[in-house]
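Chains as they are written, first to last, in our numbering: chain U, 1 to 138; chain F, 139 to 276; chain P, 277 to 357; chain Z, 358 to 438.
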């Protein structure tokens with residue numbers, strides 16, 4: 001798997017994977033399990049995925065964005081399984097000669113991942129557990 | 139010094155300084171010495187600063203942006219002295235419960251630093267050295 | 277024809293399995309499969325429209341006709357990131 | 358009155374020192390100091406307008422009157438980041 005992992009994410013390794021000597025900047029986005037969501041306390045999250053399709057979707061998005069921003073190099077890793085508050089669920093690095101493209105590409109990457117990549121999360125807290133987004137939005 | 143350093147930057151330490159359990163994301167920006175600038179090869183950069191004033195300006199900008207984005211926590215460190223290609227000159231971390239504010243605050247921070255903080259760079263390459271921005275723009 | 281159905285996240289919890297081997301009439305669509313799931317699982321009755329549908333690891337319209345050997349998955353609202 | 362002048366970056370290279378102690382007439386402004394630097398340093402002649410000006414570590418208008426003990430700095434175009 002290139003874009004999914006069951007292990008903790010090392011963002012430094014992602015940065016080193018993409019940075020070229022011509023890059024003047026990189027933007028790193030990390031999504032982190034926080035202790036609340038829509039007013040409810042959260043203790044942990046379980047991430048599930050349709051793994052081969054998620055890999056394909058990630059690849060498609062990376063290619064789209066690298067086409068839109070030809071100077072940008074992207075790396076992405078999404079963690080699956082059980083995560084605790086403070087654990088990183090995703091890291092995205094966008095390296096570029098110029099900062100504007102790095103910001104734009106990184107932002108677009110996380111927005112698009114949230115739209116179409118088949119990954120789901122079940123939040124667990126003192127009030128029980130729930131698959132995020134399911135209630136009435138199917 | 140809170141915002142300036144003569145040593146290599148450890149972005150991880152900055153991230154740990156700002157992240158709270160309520161934060162769902164952080165955006166890290168790193169500026170890196172690249173091997174070119176406006177068509178010329180670059181081998182190294184010397185960063186100079188009006189240190190006490192630069193510290194004050196950084197503090198002002200951090201406060202302004204934290205006021206504009208009350209959920210965001212910021213950390214910033216700019217390195218001074220001699221840097222080689224691939225060295226990081228600046229790291230900015232914006233942590234937030236939500237990603238949109240983290241991106242916006244991080245981007246605004248680097249833009250504002252480049253506008254008003256009294257830091258200068260002298261680029262050195264095979265063609266000699268030059269203070270960036272001086273020629274005819276005073 | 278035979279179609280492999282994959283179940284993820286809330287649908288796996290509701291239906292109680294990760295996958296199923298379906299024997300379908302020729303011409304059946306993803307929408308037909310969804311309606312048969314709804315008929316058997318009361319938790320799905322409120323969902324007349326199927327969720328996003330993937331055939332062979334790509335998004336597809338729910339009215340696409342399935343073919344022998346297809347891998348069908350319903351994609352409940354995604355929440356990656 | 359006495360004013361301390363700080364020089365950075367390209368101005369330090371041109372003028373050849375990091376700081377200077379200036380003896381100025383009462384009422385002198387940052388602009389006056391800049392004009393006297395231009396008179397002595399040919400590399401500055403093309404710069405009729407002073408760069409950004411800081412008095413006591415804050416940006417100030419170049420026509421601000423200086424006061425005894427002020428710390429004056431000319432800020433060539435910044436290039437942090």
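Note that CB positions come from ideal geometry on N, CA and C, so glycine has one too.
Three-state secondary structure assigned by DSSP to residue i
| i | result |
| --- | --- |
| residue 300 of chain P | coil |
| residue 198 of chain F | helix |
| residue 393 of chain Z | helix |
| residue 280 of chain P | strand |
| residue 121 of chain U | strand |
| residue 28 of chain U | strand |
| residue 295 of chain P | strand |
| residue 116 of chain U | helix |
| residue 2 of chain U | coil |
| residue 409 of chain Z | strand |
| residue 371 of chain Z | helix |
| residue 45 of chain U | strand |
| residue 129 of chain U | strand |
| residue 336 of chain P | strand |
| residue 423 of chain Z | coil |
| residue 54 of chain U | helix |
Cβ pair residue i, residue j closer than 8 Å
| i | j | result |
| --- | --- | --- |
| residue 121 of chain U | residue 9 of chain U | no |
| residue 31 of chain U | residue 89 of chain U | yes |
| residue 74 of chain U | residue 100 of chain U | no |
| residue 193 of chain F | residue 140 of chain F | yes |
| residue 352 of chain P | residue 327 of chain P | yes |
| residue 429 of chain Z | residue 390 of chain Z | yes |
| residue 414 of chain Z | residue 190 of chain F | yes |
| residue 72 of chain U | residue 62 of chain U | no |
| residue 221 of chain F | residue 171 of chain F | yes |
| residue 437 of chain Z | residue 257 of chain F | yes |
| residue 240 of chain F | residue 157 of chain F | no |
| residue 360 of chain Z | residue 381 of chain Z | yes |
| residue 185 of chain F | residue 217 of chain F | yes |
| residue 208 of chain F | residue 160 of chain F | no |
| residue 163 of chain F | residue 29 of chain U | yes |
Near the ligand GTP: residue i beta-carbon under 7 Å from a heavy atom
| i | result |
| --- | --- |
| residue 401 of chain Z | Of ligands this structure carries none, so the ligand GTP is not represented either. |
**OP:** Report the residues of the stretch 413-436 of chain Z with a CB closer than 7 Å to any CB of chain F, ordered along the chain.
**Re:** Those residues of the stretch 413-436 of chain Z that come within reach of chain F (Cβ to Cβ, closer than 7 Å) are 414, 430, 432, 433, 434, 435 and 436.
Original post:
Is it true that the stretch 380-392 of chain Z meets the stretch 418-437 of chain Z, where meeting means three or more beta-carbon pairs spaced less than 8 Å apart?
Top reply: Taking a contact to require three or more Cβ pairs closer than 8 Å, the stretch 380-392 of chain Z and the stretch 418-437 of chain Z qualify as touching.
**OP:** Could you name each continuous beta strand (DSSP E) segment of 3 residues or more that falls completely within the stretch 74-109 of chain U, going from the start of the chain to the end?
**Re:** With a minimum length of 3 residues, the continuous beta strand (DSSP E) runs that stay inside the stretch 74-109 of chain U are 81-84 and 88-96.
**OP:** Answer yes if the stretch 84-98 of chain U comes into contact with the stretch 123-134 of chain U, meaning at least three C-beta pairs across the two stretches below 8 Å, and no otherwise.
**Re:** Result no; under three Cβ-Cβ pairs closer than 8 Å.
Subject >> Residues of the stretch 44-71 of chain U with Cβ closer than 8 Å to any Cβ of chain F, in chain order >> reply: Within the stretch 44-71 of chain U, no residue has its Cβ closer than 8 Å to any Cβ of chain F.
Original post:
When you check each C-beta in the stretch 364-381 of chain Z against every C-beta of chain F, which residues fall closer than 7 Å?
Top reply: Within the stretch 364-381 of chain Z, the residues whose Cβ lies closer than 7 Å to some Cβ of chain F are 365, 366 and 367, listed in chain order.
Original post:
Between the stretch 223-236 of chain F and chain U, which residues of the former have CB atoms less than 7 Å from a CB of the latter, in chain order?
Top reply: Answer set for the stretch 223-236 of chain F: 223, 224 and 235.
**OP:** For the stretch 249-264 of chain F, enumerate the residues whose C-beta is nearer than 8 Å to any C-beta of chain Z, in chain order.
**Re:** If the cut-off is 8 Å between Cβ atoms, the stretch 249-264 of chain F has 251, 252, 253, 254, 255, 256, 257, 258, 259 and 260 near chain Z.
Subject >> Against chain U: residues of the stretch 147-179 of chain F by CB proximity under 9 Å >> reply: Interface annotation for the stretch 147-179 of chain F against chain U: 149, 150, 153, 157, 158, 159, 160, 161, 162, 163, 164, 165, 166, 167, 168, 169, 170, 171, 172, 173, 174 and 175, criterion Cβ-Cβ distance under 9 Å.
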